[in-house]
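These notes are about the structure you will find just below.
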Amino acid sequence: MEQSEDQQHISRFLGKQHVLTLCAGHGLDMWCANCFYVFDAERMALWLMTEPHTRHGVLMQHNPSVVGTIAPRPKTIALIKGVQYRGLVTELSGDDEALARARYCRRFPIAKAMKATLWQLDLLEVKMTDNALGFGKKLYWQRD
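Numbering (my numbering), first residue to last: 24 to 167.
Pasting the structure below:
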């Protein structure tokens with residue numbers, strides 16, 4: 024499937040970053056956490072590692088719908104860029120887990136010593152702001 028220009032730009036950005044803010048909720052209980060991630064451009068998915076017993080892990084098990092942001096710290100307002108996203112998160116197992124763990128450990132070698140659960144966050148919708156393309160420039164991607 025051919026990617027739109029917006030999707031290509033968003034994918035390049037996501038591939039260069041490595042920390043996301045994840046917001047999970049169930050009922051009135053909501054929580055945010057920062058997690059390291061690896062981007063899978065083919066799946067438009069983020070792989071992250073976190074224990075199921077953490078507050079956000081428990082919430083994700085009750086409600087797989089999550090939202091969040093990925094934003095580096097720019098030196099000036101003219102360089103602001105980042106994404107807001109909405110997605111569905113699932114705990115990985117089997118071959119999918121093995122593939123994700125290998126790629127995650129290659130990106131973050133310290134993770135080889137950890138046995139934490141790997142999750143796949145399938146992006147459903149992404150809105151990117153990139154002031155380098157013009158002040159307030161927005162790019163959009165949505166899963167079909």
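Idealized CB from N, CA, C, for every residue including glycine.
message: Just list the residues that DSSP pairs residue 152 with in beta bridges.
response: 105 and 161
query: So does the stretch 78 to 96 actually touch the stretch 120 to 138, counting three or more Cβ pairs closer than 8 Å?
result: no
task: Could you give the DSSP three-state label for residue 82: helix, strand or coil?
output: helix
message: Between which residues of its own chain and residue 111 is the CB-CB distance below 8 Å, once the five residues before and five after are set aside?
response: Correct list, in chain order: 87, 88, 89, 144, 145 and 147.
message: I need the boundaries of the beta strand (DSSP E) containing residue 62, first residue and last residue.
response: 52 to 63
field: Host alpha helix (DSSP H) of residue 11 (start-end)
entry: Residue 11 is absent from the structure shown; the chain starts at 24 and stops at 167.
message: Applying the 10 Å Cβ sphere with the 16-neighbour rule, what's the burial state of residue 149?
response: buried
task: Compute the Euclidean distance between the alpha carbons of residue 155 and residue 165, then round it to the nearest angstrom.
output: Approximately 22 Å, taken between the alpha carbons.
message: My output table needs one value for residue 94: the three-state DSSP class, helix, strand or coil.
response: Note: residue 94 maps to coil in three-state DSSP.
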